[in-house]
Amino acid sequence: FAHARIGGEANALLAAPFAGIPLGTSALASTGLGVTPLVVAVVVLGLLAVVIEVRRRADLRFQGPPAPVDPALPGTAGMTTMMRVLPFVTVVFAGVAPLAAALYLLSSAAWTLVERAALRRLLGRAPSR
Numbered sequence: 002f003a004h005a006r007i008g009g010e011a012n013a014l015l016a017a018p019f020a021g022i023p024l025g026t027s028a029l030a031s032t033g034l035g036v037t038p039l040v041v042a043v044v045v046l047g048l049l050a051v052v053i054e055v056r057r058r059a060d061l062r063f064q065g066p067p068a069p070v071d072p073a074l075p076g077t078a079g080m081t082t083m084m085r086v087l088p089f090v091t092v093v094f095a096g097v098a099p100l101a102a103a104l105y106l107l108s109s110a111a112w113t114l115v116e117r118a119a120l121r122r123l124l125g126r127a128p129s130r
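First residue of the sequence shown? That's 2 in my numbering, and the numbers climb one at a time after it.
Dropping the structure here:
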């Protein structure tokens, strides 16, 4: 999905459809294609946001509570807030990137979530309290 031409020929993957949307079309560009492509794009981006939030909460649960903000260090509160919001920038990029990239990000994030949960169970690591 990064190149329109591969080996001197058109990249056939970009023209292949997923639920009526060509994989080379971004969610942002699919808004002009009708209601169905818009719904598919919203579902893919929504699922990505949900997976990111579940993973963020699971990480917080196993890492323990964040350190208290030190008033002597200016900007620490803002940095803490930014670290909570930063993973969701992926959803913005997925909305601008081709649908193939958004599907890749969704599957990769979901795989990581499941993989971490399985590893925590296998290794027997209990959440921090």
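We treat Cβ as the ideally placed atom computed from N, Cα and C, and that holds for glycine.
Neighbourhood of residue i by C-beta, 8 Å cutoff - its chain only, sequence neighbours within 5 removed
i     : result
Val45 : Ala28, Ala95, Leu100, Ala103, Leu104 and Leu107
Leu14 : Phe2, Leu24, Gly25 and Ala101
Arg85 : Arg57
Closest Cα partner of residue i within the set the options
i      : options                        : result
Leu39  : Ile53, Val55, Ala50 and Ile22  : Ile22
Val36  : Leu24, Val115, Val51 and Ala20 : Ala20
Arg121 : Ala30, Leu74, Arg62 and Phe89  : Arg62
Contact check, residue i vs residue j, beta carbons under 8 Å
i      : j      : result
Thr113 : Leu49  : no
Gly9   : Ala16  : no
Val43  : Ala110 : no
Expected contact under 8 Å - CB spacing of residue i and residue j to nearest Å
i     : j      : result
Ala59 : Ala119 : No, Ala59 and Ala119 are not in contact; Cβ-Cβ is about 12 Å, not under 8 Å.
Min CB distance residue i to chain D below 8 Å
i     : result
Ala73 : Of the protein chains in the structure, only one exists, and it is not chain D.
Contact set for residue i: own chain, Cβ-Cβ below 6 Å, skip 5 residues either direction
i     : result
Arg56 : Leu114
Val41 : Ala20 and Ile22
Cross-strand partners of residue i (DSSP beta bridge)
i      : result
Glu116 : Beta-bridge pairing links Glu116 to no other residue.
Glu10  : Ile7
Phe19  : Ile22
Ser27  : Pro99
Close Cβ partners of residue i (< 7 Å) along its chain, the five nearest in sequence each way excluded
i     : result
Arg6  : Asn12
Val97 : Ser27 and Leu29
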